[in-house]
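Per the numbering used here, the very first residue in the sequence shown carries number 4; after that it's consecutive.
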Amino acid sequence: MNHLFEVAEFFGIIAFALSGFYAAVREKLDLLGIFIAAFLTALGGGITRDAIADKMPYTFTHILPTFLVIGVVMTAVLLKLNKHDKLEQTKVFVVSDTLGLVSFAISGSLVGISADFNVFGIIMLGLITAVGGSCLRDMLLNKIPFFLVSEFYATVAIVVSFAMYVLKEFDKMNFISTVIVFAVGVTLRLVAYYRKWKLPTIG
């Protein structure tokens, strides 16, 4: 369980740090603003998740998450990834955001399972971990949270979290089954994005 959690957590941190970098560049923030946006996106959801689960935030007890965010931002700057137009529509942005979404949904679910939460608690922790960081970032930028208006975004986190709960209930949770859930979640999000699937709206 711990091994699965760390793999999902580190994968999500790297992917969401890049996503936060792109969002900050799009808003023309300075270097400090870029680091803050990257940190919020990559670590905010996990900190909120751990607070709800009544455990010491993983980011506060392990130094690697901080180094991962710093490393991603510095690498992105050196590679001049900020020079692309319409960053949010580039494949790199879409894929990195998708990988972060699914990875954090899995790591959040694992925390809920470890805390012996019921199905609702497991799904909520997966959702909060997946969208909490980007929500904090968007609030800081005075924008409507991305997950409320994006195609099948939060829905994918819910589906992935529920799948993890099902694996736990049938005692089928292992590295291979988790990788399968990860692959299905990534595929669902990318298909939904490129086919522009959306939940119905009112009005």
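Ideal placement from N, C-alpha and C gives every residue a C-beta, glycine not left out.
As the structure is a prediction and not an experimental result, all values here were calculated from the model.
Judged by their CB atoms, residue 112 and residue 128 are nearer to each other than the 8 Å cut-off. A residue is called buried when at least 16 other Cβ atoms come within 10 angstroms of its Cβ; residue 197 does not meet this threshold and is exposed. Secondary structure note for residue 114: its alpha helix (DSSP H) is the uninterrupted segment 94-117.
Non-local C-beta neighbours of residue 181 in its own chain, meaning closer than 6 Å and more than five positions away in sequence, comprise 7, ordered along the chain. The region 131-148 makes no contact with the region 172-181; the number of CB pairs closer than 8 Å stays below 3. Shown here, residue 77 sits in a helix according to DSSP, grouped into three states. For residue 199, the three-state secondary structure derived from DSSP is coil.
The C-beta distance from residue 101 to residue 193 rounds to 6 Å, short enough to meet the 8 Å contact threshold. Cβ contact annotation for residue 71 (same chain, cutoff 8 Å, sequence separation greater than five): 13, 16, 17, 20 and 45, in chain order. Minimum Cα-Cα distance from residue 165 among the listed residues 9, 190, 115 and 51 corresponds to 115. At the C-beta level, residue 32 and residue 40 come within 8 Å of one another.
Nearest Cα to residue 78 within the set 55, 38, 54 and 103: 38. In this structure, residue 50 places its C-beta atom within 8 Å of the C-beta atom of residue 62. Between the beta-carbon of residue 188 and that of residue 163 there is about 4 Å, and that keeps the pair under the 8 Å contact cut. One thing to note: residue 24 has its Cβ within 8 Å of the Cβ of residue 76. Nearest to residue 109 by C-alpha distance, out of 74, 86, 191 and 126, is 126.
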